[in-house]
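Enquirer: Input: one structure, supplied below.
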Amino acid sequence: MAADNNLKVENTASEVVLLRSMSRPALGLIETKGLAGAIKATHAATKAGEVVIASAVKTKAGYVAVKIEGEWSAVQAAVEAGARAADQEGELVSMHVIPHTDNGVSQILPYGQFVARYGSGKPVSLREKPKPRKIPSEPPPLPSAIPIPAPEPDIQQPKPEIPNQPLAPKPAVPVSPTAGEIRPLAELEALPVVELRKYARTVSGLPIQGRQISIANKQQLLEAIKNVAGAISSGS
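Going by my numbering, the first residue of the sequence shown is number 36, and it counts up by one from there.
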């Protein structure tokens, strides 16, 4: 590729390196009052000439200063194009071009003058060579295993003692009356029907049982008890 006395371009498959042989390149400055204007100005400036966007600094007041370096004619065209783009956004504050910067300017604005652009597209300053990444010779030690505490033994709590409670007495089983134990008829006739029904349920061999006793009247109950008493008397 052809090159003049001040500009040299080298192209390879993986990188494009832009170098300037002049010791005092031109410096262009575009100041905007917003980030959108600065982006528009930077985009237009890079399309207008072979320049390097050295930096873009945002102040506390919201102003952004874009620093452009390169040949004077390229910087002049880039600054004008960038200023027009920022003015269209309504965010242009000022623009300025310094044809030949003094060496002290680089100390005031210490940003890289030469930029190499690699395949990843990330700009790298050529003033300071990128430091090689240190590869540790030995892998870092693995963190020590965290001790797992042993499970605590399952301590069974003693069950509260239940005081011995006296057993409830079992209900007495009614004993079937024998012939001598059946109550006299006169005594039974004096009982109310409810009491007579309770007594009839204690008599063994009664011809009526269960619900029949519940619905029987007093005369029917007396007749049933008489039949049982007579059967017991005849059997004995």
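Backbone N, C-alpha and C define an ideal beta-carbon position, used for all residues, glycine too. As the structure is a computational prediction, the values presented were derived from the model and not from experiment.
Helix, strand or coil: which one does DSSP assign to Ser90?
Expert: The residue you call residue 90 lines up with position 55 of the sequence shown. Correct three-state label for Ser90: strand.
Enquirer: Are the beta-carbon atoms belonging to Gly245 and Val263 less than 7 Å from one another?
Expert: Counted from its first residue, the sequence shown places residue 245 at position 210. Counted from its first residue, the sequence shown places residue 263 at position 228. No, they are not a contact pair.
Enquirer: Would you grab the beta carbon distance between Val86 and Glu104 for me? Rounded to a whole angstrom, and I think it's under 8 Å.
Expert: Here the question's residue 86 lines up with position 51 in the sequence shown. Here the question's residue 104 lines up with position 69 in the sequence shown. Yes, Val86 and Glu104 are in contact; Cβ-Cβ is about 7 Å, under 8 Å.
Enquirer: Apply the 10 Å Cβ neighbour rule to Ala266 and answer buried if 16 or more other Cβ atoms are within range, or exposed otherwise.
Expert: Looking up residue 266 in the sequence shown gives position 231. It is exposed - the Cβ of Ala266 has fewer than 16 other Cβ atoms within 10 Å.
Enquirer: Taking the alpha-carbon positions, what's the Ala259 to Ala221 distance?
Expert: For the purposes of this step, residue 259 is identified with residue 224 of the sequence shown, where counting begins at 1. For the purposes of this step, residue 221 is identified with residue 186 of the sequence shown, where counting begins at 1. Looking at the two C-alpha atoms, the distance is approximately 15 Å.
Enquirer: How big is the Cα-Cα spacing for Pro219 and Arg232?
Expert: In the sequence shown, counting from the first residue as 1, residue 219 sits at position 184. In the sequence shown, counting from the first residue as 1, residue 232 sits at position 197. If I take the Cα positions, the gap works out to 15 Å.
Enquirer: For Glu224, is the classification buried or exposed, using 16 other Cβ atoms within 10 angstroms of its Cβ as the cut-off for buried?
Expert: Translated into the one-based positions of the sequence shown, residue 224 becomes position 189. Exposed, by the Cβ-count rule.
Enquirer: Among Ala91, Glu66 and Val114, whose alpha-carbon lies nearest the alpha-carbon of Gly125?
Expert: Taking the first residue of the sequence shown as 1, we reach residue 125 at position 90. That would be Glu66, whose Cα lies nearest to the Cα of Gly125.
Enquirer: Assuming Ala112 and Lys75 form a contact by the criterion Cβ under 8 Å, report the distance between their Cβ atoms to the nearest whole angstrom.
Expert: Position 77 of the sequence shown, counted from the start, is the residue given in the question as residue 112. Position 40 of the sequence shown, counted from the start, is the residue given in the question as residue 75. So it is not a contact: roughly 16 Å between Cβ atoms.
Enquirer: Since Ala109 contacts Ala79 with CB under 8 Å, what's their CB separation in whole angstroms?
Expert: Taking the sequence shown and counting its residues from 1, one reaches residue 109 at position 74. Taking the sequence shown and counting its residues from 1, one reaches residue 79 at position 44. Wrong, their Cβ atoms sit about 13 Å apart, outside the cutoff.
Enquirer: Under a three-way DSSP split, which group does Gly84 fall into?
Expert: As a first step, residue 84 is located in the sequence shown; it is residue number 49 there, counting from the start. The answer is coil: DSSP assigns Gly84 none of H, G, I, E or B.
Enquirer: Which residue comes first and which comes last in the beta strand (DSSP E) that contains Gly63?
Expert: What you label residue 63 is simply residue 28 of the sequence shown in a count that begins at 1. First-last of the beta strand (DSSP E) with Gly63: Ala61 to Thr67.
Enquirer: With DSSP as the reference, identify every bridge partner of Ser129, one or two as the case may be.
Expert: Within the sequence shown, numbered from 1, the residue matching residue 129 stands at position 94. Per DSSP, Glu66.
Enquirer: Compare the Cα-Cα distances from Ser90 to each of Leu64, Lys68 and Gly69 and report the closest residue.
Expert: Translated into positions along the sequence shown, residue 90 becomes position 55. Here the closest residue by C-alpha is Leu64.
Enquirer: Should Val86 be listed as close to the ligand MG, given that the test is whether its C-beta is under 6 Å from any heavy atom?
Expert: This structure lacks the ligand MG, and indeed carries no ligand of any kind.
Enquirer: If you draw a straight line from the C-alpha of Lys272 to the C-alpha of Ala83, how long is it?
Expert: No statement about residue 272 is possible, as the shown extent of the chain runs from 36 to 271 and does not include it.
Enquirer: Go through its chain and collect everything with a Cβ distance to Gly72's Cβ below 6 Å, but skip five positions before and after it.
Expert: Here residue 72 refers to the residue found at position 37 when the sequence shown is read from its first residue. Same-chain partners within the cutoff: Ala121, Glu124 and Glu126.
Enquirer: Return the CA-CA distance between Gly69 and Ala118, expressed in angstroms with no decimal places.
Expert: The residue given as residue 69 occupies position 34 in the sequence shown. The residue given as residue 118 occupies position 83 in the sequence shown. Going by the C-alpha atoms only, they are around 13 Å apart.
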